[in-house]
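**Student:**
2 protein chains.
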Amino acid sequence: MLDHLFKPGSVAVIGASTKELSIGNRVIKNLQDFGYTGPIYPINPKADEVRGIKAYDSITDVPGEVDLVHIVIPNKFVPMAIDDCGKKGVKVVIVNTAGFKEVGGEGEDLERQVVETARKHGIRVFGPNCQGIINTDPEIRAYCNFTFTKPTPGHISIVAQSGGVAEVINQRFSELGVGVRMYASNGNACDVSIPEIIRYWGDDPETRVIVLYVEGLPNPKEFMDAAAEVAAKKPILGMKAGRTDEGAKAASSHTGGLARKEIATELIFKRTGILTFRDEEELCQAAVAFASQPIPDGRRVGLITNTGGPAIIATDELVDAGLEIPPLSEGAASSLKENLYEAASINNPIDVLATANAGHFRAAIDTLMDEDDIDSVYINFVTPFFVDTESIAKEIAEVNAVAKKPIICNLMTDKNQWSTTIGTLKDGGVPCYSFPETAARSLIALTRYNELRANTGGEIRTFDDIYVQGAREIIDGAFDEGREFLRSADTYGILESYGIPVAPWRRATGAEDAVRAAEEIGFPVVLKAESSSVVHKSDEGGVALDLRDGDAVREAANGMTRRIAADDLEFLVQGYVEGGTEVIVGATEEEGLGHLVMFGIGGVYVELLEDVSFAVAPVRDSEAGEMLDSLKASKLLTGFRGRSGVDRDTVIEVIQRISQLVTDMPAIREIDLNPIIAHEDRITVVDARIGMKEG
Amino acid sequence: MLDHLFKPGSVAVIGASTKELSIGNRVIKNLQDFGYTGPIYPINPKADEVRGIKAYDSITDVPGEVDLVHIVIPNKFVPMAIDDCGKKGVKVVIVNTAGFKEVGGEGEDLERQVVETARKHGIRVFGPNCQGIINTDPEIRAYCNFTFTKPTPGHISIVAQSGGVAEVINQRFSELGVGVRMYASNGNACDVSIPEIIRYWGDDPETRVIVLYVEGLPNPKEFMDAAAEVAAKKPILGMKAGRTDEGAKAASSHTGGLARKEIATELIFKRTGILTFRDEEELCQAAVAFASQPIPDGRRVGLITNTGGPAIIATDELVDAGLEIPPLSEGAASSLKENLYEAASINNPIDVLATANAGHFRAAIDTLMDEDDIDSVYINFVTPFFVDTESIAKEIAEVNAVAKKPIICNLMTDKNQWSTTIGTLKDGGVPCYSFPETAARSLIALTRYNELRANTGGEIRTFDDIYVQGAREIIDGAFDEGREFLRSADTYGILESYGIPVAPWRRATGAEDAVRAAEEIGFPVVLKAESSSVVHKSDEGGVALDLRDGDAVREAANGMTRRIAADDLEFLVQGYVEGGTEVIVGATEEEGLGHLVMFGIGGVYVELLEDVSFAVAPVRDSEAGEMLDSLKASKLLTGFRGRSGVDRDTVIEVIQRISQLVTDMPAIREIDLNPIIAHEDRITVVDARIGMKEG
């Protein structure tokens with residue numbers, strides 16, 4: 005519980021200063037200016053008072069209880085100060101001081117000492133190298149932070165690893181006139197973590213939307229658990245920086261941040277139900293809509309406009325993002341015809357005309373609210389001097405107060421001349437934007453969230469026709485032998501244990517044995533050389549395809565024996581699969597996360613166009629289907645211009661079986677089924693590799 | 005010359021009204037409020053005065069000369085009013101009234117009458133169905149417009165087809181505190197056109213940047229000529245709406261706008277040197293930078309930051325767009341080491357630390373300005389309370405005043421508390437932004453513009469080894485015959501006349517003739533059936549590939565004769581080309597523009613992935629190369645994983661020869677070389693089609 009952090013009954017500042025331009029002074033000033041409701045205790049052995057408040061020599065001298073202590077003294081004195089806090093019974097410290105993990109070397113040691121000392125006393129640490137927190141709750145008014153933006157109370161809570169980014173976002177909400185509930189920027193995060201903060205806000209009824217910024221996830225599992233739990237209750241809007249190599253480098257050289265697993269972070273966001281953004285402004289603008297609007301049930305937008313061009317731009321933006329602007333029903337059209345100007349356009353977009361009055365707007369909005377095939381309402385509202393814009397605003401606000409569908413308004417106006425109209429809309433909880441693109445993107449975010457929410461949760465299919473014990477024995481054996489990669493026979497054995505269709509295969513110890521094996525399997529076959537000395541079979545002449553009779557097999561085997569000349573040479577004989585489409589399924593372990601499962605179409609699609617999709621294991625049903633559908637070349641899977649498609653259900657099943665395999669067997673570092681030959685009615689793995697974790 | 009429109013010596017308003025909330029009143033109020041420097045003449049037979057100014061019964065009663073007349077009376081009276089204006093010797097009319105081409109039918113007739121009447125008197129018409137113009141020139145102060153935003157004088161001029169969009173952009177510059185020079189929104193544009201306005205501003209020294217919004221280009225050639233001429237002198241930042249089908253539909257149903265040629269408009273922008281945007285906010289923000297900053301010579305950005313997270317975000321944004329953040333020279337590093345805090349990061353990004361003072365910032369900026377490998381400077385400047393931000397701002401502004409490299413500043417601050425610092429930067433001409441993404445995107449726009457500028461102009465290669473006369477005779481003959489598509493032999497004849505390498509071919513009239521032709525060409529060959537009754541050869545069994553001897557040719561020819569059984573059946577015998585990569589070159593005529601030339605890689609790349617590139621004919625050298633390089637699968641052309649590449653120079657040459665062909669022969673409606681078989685050392689057209697314009 006982080007109540008002592010976000011709702012402190014009292015705050016002390018170790019390093020309180022009489023100098024105006026110091027953090028030890030500013031923290032106290034901010035608490036005063038923001039109207040903190042509890043007692044403040046400056047700690048400064050050289051001053052009698054700081055900013056008019058009695059100062060104490062030591063935290064232990066403070067007469068009352070102290071919940072929260074700011075520490076703003078030089079880094080090397082911090083562990084000692086925490087020890088003092090322990091003696092006093094302090095609950096939580098915010099360490100603003102820098103010079104810890106982010107500087108490496110001694111700083112890392114110091115940070116370790118901070119954690120150990122605090123743990124000894126049962127103190128929670130926020131930071132170090134951080135800004136602090138803000139809570140706008142009228143009963144608390146805690147501004148435990150040295151920054152400059154003073155938010156008004158609202159329903160958006162902000163947590164950001166970087167103080168600079170937290171401040172920019174907070175500042176933007178302030179400019180937009182939108183309130184904030186709580187704020188936290190925890191820097192090095194040696195103890196109190198972002199997942200913990202998110203979880204705390206999940207239980208805070210006044211927090212309706214959580215805004216999140218991270219540069220890396222030090223503990224993906226902890227993050228996923230907390231985020232999934234909270235995202236089920238309220239929207240989390242997330243942004244991850246360091247997505248380019250250069251950005252990641254900049255991130256890791258700053259505040260000891262972690263910048264790894266680029267694909268993984270966005271997948272984790274998606275998996276847990278966090279809506280991902282790549283732009284702070286877009287995130288802030290969307291948050292405004294999330295804080296007041298319901299989530300639409302679908303993609304179908306009804307547009308109302310009193311000006312032409314901006315409706316075109318909004319249409320472009322919405323349609324580009326996959327939203328729909330469907331035609332209206334006959335009933336709607338006739339109702340509009342009755343209630344709007346004759347020259348008005350009663351299609352969707354509905355152009356009520358620049359001269360439209362409050363009644364016209366109301367009729368159009370009501371029509372869209374009643375329309376079954378419309379999920380959300382977008383309004384372009386320019387304020388011509390010759391109409392009563394105030395009445396129009398009142399109508400929009402009135403509908404908004406009871407609407408079950410979201411309303412988004414692009415309000416094109418002069419903010420000074422039409423301040424009353426703006427106020428009416430804002431006070432009425434109507435999210436207003438200054439550009440059609442901005443308004444459209446916020447509606448797109450609401451709609452994306454609806455689909456994200458529908459896709460999180462969902463089933464993880466598990467298969468019970470699996471011979472786990474057999475697979476486990478092979479894995480354990482390979483692990484004991486310290487193998488980096490499994491032998492082919494073991495690999496195929498494991499796949500078969502997990503019900504994955506493999507081309508029929510036999511091991512063979514020599515040419516004649518191979519011929520016999522081929523005859524058992526049936527021609528044509530493939531012959532592969534197996535030896536600890538062979539790394540890249542095909543490069544070393546260790547693969548022969550499409551062998552059509554015993555002689556061909558014998559000749560190929562003899563050739564390989566000559567070329568490879570290894571004592572441990574054996575052969576793998578496999579049925580040769582003709583035709584079909586090559587697909588690839590793989591999984592790799594990501595530190596602290598589990599496995600990332602991959603799907604792609606073989607050949608140029610993976611290698612040239614990098615057309616692959618990922619999901620975090622265990623893969624849910626909906627995710628597995630999406631892995632196929634999200635490929636740029638996905639049409640190849642359903643059949644394209646005479647080429648037949650693939651057995652979709654079985655491909656999805658193989659993805660799920662591989663997901664189950666790597667989840668069951670964490671000793672597998674990587675697995676690669678490449679290629680799988682997919683036909684319309686079946687699929688067959690024809691080559692596979694399993695790599696093991698180091699023992 | 006549009007001086008009478010933008011610098012009117014006097015303005016009359018036909019339809020001047022005493023009613024406050026009418027356009028006929030508001031236009032006069034706006035002129036008054038904005039401080040128009042010339043006389044205003046209200047025309048209203050029922051009033052003695054309007055807004056305190058003497059009114060006249062008719063325009064002909066006005067005592068002085070009248071340059072510009074606003075017409076705000078009902079549509080059907082407009083032609084008559086223009087006739088009166090003619091009698092008075094008026095130079096230009098702004099027709100605000102709607103109900104013309106955009107409503108169709110009678111409106112179109114009325115608009116034609118407007119144009120004819122005006123032409124008779126030598127009057128220029130602006131509109132109809134339009135807002136009007138603004139000129140902030142202190143000696144003019146013309147606000148001939150009924151909208152509400154009053155711009156301050158500046159160097160950006162705005163022209164937009166849609167009044168709503170023009171207003172939004174104007175409003176945004178006003179909010180950003182950035183001045184505007186002139187403004188024009190000409191609605192239906194029956195006479196004064198956007199190209200004409202652009203050309204006028206090209207000659208206006210106070211216009212440094214032109215912002216352009218269109219929904220369609222009614223006359224692409226006129227537009228291209230004007231835009232190319234002006235873009236050579238100053239930046240034009242352009243946006244085109246209606247890029248989705250739905251958006252285009254919305255555009256064409258509004259104000260009689262044209263929404264066609266989606267690819268073409270962006271290509272025309274690029275060809276003429278207009279920087280394309282897809283977002284108004286991004287365009288406005290970029291315009292601020294263009295209005296004060298030099299254009300960088302390259303992509304290499306030096307970053308200075310006093311906060312961590314925003315530097316990561318800026319890095320992501322810049323690198324994603326292809327900009328570079330190169331390491332600094334040793335000299336730069338040692339200079340930084342000497343002048344910055346010890347803990348500062350002297351890499352690029354340079355982290356001067358939150359505590360950095362003016363001297364630190366100055367040292368970092370000077371270092372980047374002196375660094376040869378840096379083309380532009382990006383600054384993240386958060387304003388901590390404990391530093392003297394005003395001094396930092398002064399240093400930045402001081403360098404900016406003389407800098408030859410552009411400076412962009414992401415200023416993270418509270419606009420009220422740090423208003424002096426903001427003022428120092430803005431007055432110093434430093435473009436300031438509130439988010440790292442926004443600042444980065446404006447720098448990206450400057451950099452994109454540098455590359456765009458470098459790519460416009462350039463050579464158009466023309467070939468003199470061409471037998472134009474031969475090609476022309478074939479085309480003329482086909483035209484006279486009223487053919488929709490040329491015969492194959494004619495098609496190949498034209499290609500050969502233009503020096504395009506075609507697989508060897510012969511016409512043959514029967515099976516034996518075909519065998520002889522095949523022997524002349526050399527086996528293997530392809531046999532194609534030719535008949536006016538055969539539309540899709542391969543679907544109708546009219547193509548036989550890889551025929552290896554005379555018997556095979558005979559058999560194929562006899563089979564086709566049986567199947568097709570047409571009186572005019574002939575054969576085309578062609579050399580069969582093996583191996584290689586299939587590419588496609590084509591060209592289609594676009595109304596009012598000339599031809600659009602297309603390039604793609606055959607097979608799934610064109611059909612499934614829609615991986616094609618375009619350029620407007622005549623295609624310049626740089627454009628032809630870019631057509632190859634801009635494909636997603638362009639690596640296939642240079643060779644990829646064992647597959648060899650193609651003869652790049654010859655592919656480029658074929659694109660240019662096709663460009664020359666369609667430019668020489670405007671009767672060609674479409675041409676399609678599909679496929680061309682491209683090998684490493686040669687390319688060969690193996691199938692082609694030429695479609696003719698209707699006679």
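So the sequences go chain by chain: A and B. Letter by letter, the first sequence follows residues 5 to 699 of this note's numbering. Letter by letter, the second sequence follows residues 5 to 699 of this note's numbering. Ideal Cβ placement from N, Cα and C applies to all residues, glycine included.
When you check each C-beta in the segment 306–332 of chain B against every C-beta of chain A, which residues fall closer than 9 angstroms?
**Tutor:** Listed in sequence order: Leu-307, Thr-309, Asn-310, Thr-311, Gly-312, Gly-313, Pro-314, Ala-315, Ile-316, Ile-317, Ala-318, Thr-319, Asp-320, Glu-321, Leu-322, Val-323, Asp-324, Glu-328, Ile-329.
**Student:** Mind listing the chain A neighbours of Asp-418/B? Cutoff is C-beta to C-beta under 8 angstroms, in chain order.
**Tutor:** The sequence position of residue 418/B within the second sequence is 414, counting from 1. Under the 8 angstroms cutoff, chain A gives Phe-152, Thr-153, Gln-175, Ser-178.
**Student:** For the segment 491–505 of chain B and the segment 542–562 of chain B, state whether three or more C-beta atom pairs, one from each stretch, are separated by less than 8 angstroms.
**Tutor:** Touching, no, given that fewer than three Cβ pairs across the two stretches are closer than 8 angstroms.
**Student:** On the three-state DSSP scale, how would you describe Thr-259/B?
**Tutor:** Looking up residue 259/B in the second sequence gives position 255. Note that Thr-259/B scores a pLDDT of 44, beneath 50, so its modelled location is shaky and nothing firm can be said.
**Student:** Of all the options Ser-197/A, Lys-154/A, Asp-37/A, which has the alpha carbon lying nearest to the alpha carbon of Met-5/A?
**Tutor:** In the first sequence, residue 5/A corresponds to position 1, counting from 1. Nearest option by C-alpha distance: Ser-197/A.
**Student:** Would you identify the three-state DSSP class for Gly-335/B, choosing helix, strand or coil?
**Tutor:** Against the second sequence, residue 335/B aligns to sequence position 331. Three-state result, Gly-335/B: helix.
**Student:** Leaving out the 5 sequence neighbours to the left and right, which residues in its chain are closer than 7 angstroms to Pro-314/B when beta-carbon positions are compared?
**Tutor:** Residue mapping note: residue 314/B aligns to position 310 of the second sequence, counting from 1. The residues are Asn-384, Asn-414, Met-416, Pro-440.
**Student:** Quick check on the burial criterion: 16 or more other C-beta atoms within 10 angstroms. Buried or exposed for Phe-467/B?
**Tutor:** Indexing the second sequence from 1 puts residue 467/B at position 463. Counting Cβ neighbours within 10 Å, Phe-467/B comes out exposed, since fewer than 16 surround it.
**Student:** Distance check for Gly-363/B and Ile-44/A, CA to CA, integer angstroms please.
**Tutor:** Your numbering for residue 44/A matches position 40 in the first sequence. Your numbering for residue 363/B matches position 359 in the second sequence. For Ile-44/A and Gly-363/B, the distance between alpha carbons rounds to 37 angstroms.
**Student:** Out of Ile-201/A, Thr-654/A, Lys-105/A, point me to the one whose CA is closest to Pro-505/A's CA.
**Tutor:** Here residue 505/A refers to the residue found at position 501 of the first sequence. When only C-alpha atoms are compared, the closest one is Thr-654/A.
**Student:** Would you please verify whether the beta carbon of Ala-336/B is less than 8 angstroms from any beta carbon of chain A?
**Tutor:** In the second sequence, the residue the question calls residue 336/B occupies position 332. False, the Cβ-Cβ gap to chain A never drops below 8 angstroms.
**Student:** Looking at the C-beta of Phe-389/B, does it have a partner C-beta in chain A at a distance below 8 angstroms?
**Tutor:** Position 385 of the second sequence, counted from the start, is the residue given in the question as residue 389/B. Chain A, which has a Cβ nearer than 8 angstroms to the Cβ of Phe-389/B, makes this yes.
**Student:** Threshold first: 4 residues or longer. Then list the alpha helix (DSSP H) segments lying entirely within the segment 432–476 of chain A, N to C.
**Tutor:** Counting whole runs of 4 or more residues, the segment 432–476 of chain A contains the alpha helix (DSSP H) stretches 440–459.
**Student:** Relative to the C-alpha of Ala-146/A, which candidate in Thr-387/A, Ile-57/A, Lys-11/A, Val-215/A has its C-alpha closest?
**Tutor:** One-based indexing of the first sequence puts residue 146/A at position 142. Nearest of Thr-387/A, Ile-57/A, Lys-11/A, Val-215/A to Ala-146/A, Cα basis: Lys-11/A.
**Student:** Confirm the yes/no value for this check: CB of Ile-659/A, any heavy atom of the ligand FMN, distance under 7 angstroms.
**Tutor:** Summarising the ligand content, the structure contains no ligands, and the ligand FMN is consequently not present.
**Student:** Just how far apart, CA to CA, sit Val-17/B and Ala-405/A?
**Tutor:** Counted from its first residue, the second sequence places residue 17/B at position 13. Counted from its first residue, the first sequence places residue 405/A at position 401. Near 44 angstroms, if we compare the C-alpha coordinates of Ala-405/A and Val-17/B.
**Student:** Within the same chain, show all residues whose beta-carbon is closer than 6 angstroms to that of Ile-201/A, passing over the 5 residues directly before and after it, in chain order.
**Tutor:** Within the first sequence, numbered from 1, the residue matching residue 201/A stands at position 197. Correct list, in chain order: Val-163, Ala-188.
**Student:** Quick one: does Asp-377/A have its CB under 8 angstroms from some CB of chain B?
**Tutor:** Position 373 of the first sequence, counting from 1, holds the residue named residue 377/A. Answer no: the Cβ-Cβ gap between Asp-377/A and chain B never drops below 8 angstroms.
**Student:** Using a Cβ-Cβ distance under 8 angstroms, would Arg-247/B count as near chain A?
**Tutor:** Position 243 of the second sequence, counted from the first residue, corresponds to residue 247/B. Closer than 8 angstroms to some Cβ of chain A, the Cβ of Arg-247/B qualifies, so yes.
**Student:** How about Phe-150/B and Asn-34/B: are their beta carbons less than 8 angstroms apart?
**Tutor:** Reading the second sequence from its first residue, position 146 is the one you call residue 150/B. Reading the second sequence from its first residue, position 30 is the one you call residue 34/B. In this structure, Asn-34/B lies closer than 8 angstroms to Phe-150/B by Cβ.
**Student:** Label Asp-571/B either buried or exposed according to how many other C-beta atoms from any shown protein chain fall within 10 Å of its C-beta, with 16 as the threshold for buried.
**Tutor:** Numbered from its first residue, the second sequence carries residue 571/B at position 567. Counting Cβ neighbours within 10 Å, Asp-571/B comes out exposed, since fewer than 16 surround it.
**Student:** Kindly say whether Ile-694/A, judged by its beta-carbon, lies nearer than 8 angstroms to any beta-carbon of chain B.
**Tutor:** Your numbering for residue 694/A matches position 690 in the first sequence. Taking Cβ atoms only, chain B never reaches closer than 8 angstroms to Ile-694/A, which makes this a no.
**Student:** Could you name the residues of chain A that Leu-612/B contacts, counting a contact when the two beta carbons are closer than 9 angstroms?
**Tutor:** The count along the second sequence starts at 1 and reaches residue 612/B at position 608. The answer, in chain order, is Lys-636, Ala-637, Lys-639, Leu-640, Phe-644, Arg-645.
**Student:** In chain order, what residues of the same chain have a beta carbon less than 6 angstroms from the beta carbon of Ala-512/B, not counting five sequence neighbours either side?
**Tutor:** For the purposes of this step, residue 512/B is taken as the residue at position 508 of the second sequence. Taken in chain order, the residues that qualify are Ala-518, Ala-521, Phe-575, Val-577.
**Student:** Leu-677/A versus chain B: which residues are under 8 angstroms apart at the beta carbon?
**Tutor:** Position 673 of the first sequence, counted from the first residue, corresponds to residue 677/A. Those do not exist, as Leu-677/A stays about 20 angstroms from chain B at its closest Cβ, beyond 8 angstroms.
**Student:** Going along the chain, which residues of its own chain have a beta-carbon closer than 7 angstroms to the beta-carbon of Asp-61/A, five neighbours each way excluded?
**Tutor:** Mapped onto the first sequence, residue 61/A falls at position 57. Result list for Asp-61/A: Pro-49, in chain order.
**Student:** From the DSSP output, read off the bridge partner residues of Leu-279/A.
**Tutor:** Working through the first sequence from its first residue, we reach residue 279/A at position 275. BP columns for Leu-279/A point to Leu-241/A.
**Student:** Which of helix, strand or coil does DSSP assign to Leu-499/A?
**Tutor:** As a working note, residue 499/A is residue 495 in the first sequence. Looking at Leu-499/A - three-state DSSP - the assignment turns out to be helix.
**Student:** Using three-state DSSP, classify Tyr-609/A as helix, strand or coil.
**Tutor:** Taking the first sequence and counting its residues from 1, the one referred to as residue 609/A is at position 605. The answer is helix: DSSP assigns Tyr-609/A an H, G or I state.
**Student:** Which runs of the alpha helix (DSSP H), 4 residues or longer, sit entirely within the segment 301–333 of chain B?
**Tutor:** The segment 301–333 of chain B contains these whole alpha helix (DSSP H) runs: 312–324.
**Student:** Any beta carbon from chain B within less than 8 angstroms of Val-169/A's own beta carbon?
**Tutor:** As a working mapping, residue 169/A is identified with position 165 in the first sequence. Val-169/A counts as touching chain B.
**Student:** What does the alpha-carbon distance come out to for the pair Tyr-204/A and Glu-328/A?
**Tutor:** Reading the first sequence from its first residue, position 200 is the one you call residue 204/A. Reading the first sequence from its first residue, position 324 is the one you call residue 328/A. Spanning the two alpha carbons is a distance of roughly 37 angstroms.
**Student:** If I measure Cβ to Cβ from His-683/A and keep anything under 6 angstroms in the same chain, skipping five residues before and after, which residues do I get?
**Tutor:** Position 679 of the first sequence, counted from the first residue, corresponds to residue 683/A. Excluding positions up to five away in sequence, the list reads Gly-584.
**Student:** So, is the C-beta of Pro-353/B closer than 8 angstroms to a C-beta in chain A?
**Tutor:** For the purposes of this step, residue 353/B is identified with residue 349 of the second sequence, where counting begins at 1. Yes, Pro-353/B lies at the interface with chain A (some Cβ there is under 8 angstroms from its Cβ).
**Student:** Quick one: what's got a C-beta closer than 7 angstroms to Gly-261/A's C-beta in the same chain, skipping five residues either side?
**Tutor:** Position 257 of the first sequence, counted from the start, is the residue given in the question as residue 261/A. For Gly-261/A, the predicted model reports a pLDDT of 40, less than 50, meaning its position is unreliable; a value from the coordinates is still stated below. Counting only Cβ-Cβ distances below 7 angstroms, and skipping sequence neighbours, we find Gln-165, Glu-219, Gly-220, Ala-255.
**Student:** Is it buried or exposed, Gly-28/A, if we count other Cβ atoms within 10 angstroms and call 16 or more buried?
**Tutor:** Residue mapping note: residue 28/A aligns to position 24 of the first sequence, counting from 1. Looking at its Cβ environment, which holds 16 or more other Cβ atoms inside 10 Å, Gly-28/A is buried.
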